[in-house]
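Notes follow the structure.
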Amino acid sequence: MRNDRLVLKNKLKVARAEKSINQNNLAKLVGVSRQTISNIETYEYVPSAKLALLICIALDKKFEELFYFE
Numbered sequence: 001m002r003n004d005r006l007v008l009k010n011k012l013k014v015a016r017a018e019k020s021i022n023q024n025n026l027a028k029l030v031g032v033s034r035q036t037i038s039n040i041e042t043y044e045y046v047p048s049a050k051l052a053l054l055i056c057i058a059l060d061k062k063f064e065e066l067f068y069f070e
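Throughout the sequence shown, residue numbering follows the UniProt record's numbering, covering 1 to 70 in sequence.
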């Protein structure tokens with residue numbers, strides 16, 4: 001499998017639901033727009049390492065619990 005074919009997937013929507021946090025509130029917590037959170041959830045945007053870490057902290061999850069390659 002070629003590395004350029006890997007897509008970073010996530011379980012962000014499920015993790016938000018578990019914490020009862022909507023996209024807007026998560027966006028405010030990590031300093032981005034609601035649209036950015038939406039784009040991450042729909043795989044239209046790959047977050048930077050910093051943003052991914054901030055999301056993990058905000059949702060109290062480890063990186064590997066939220067993000068994975070497929």
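All C-beta atoms, glycine included, are put in the ideal place defined by N, C-alpha and C.
* **Run of the beta strand (DSSP E) containing K9, from where it starts to where it stops** => Looking at the DSSP string, the run of the beta strand (DSSP E) that includes K9 is L8 to N10.
* Asked: Whose CA, out of A17, T42 and K62, lies closest to the CA of L53?
  -> If we check each option's Cα against that of L53, K62 comes out closest.
* **Distance between K9 and N39 (C-alpha atoms, nearest Å)** => For N39 and K9, the distance between alpha carbons rounds to 12 Å.
* Asked: Based on Cα-Cα distance, which residue from I55, L51, Q35 and L6 lies nearest to K19?
  -> It is I55 whose Cα lies nearest to the Cα of K19.
* Contact check, A15 vs L66 under 8 Å by CB: the rounded distance? -> About 6 Å separates the two Cβ atoms, so the contact holds.
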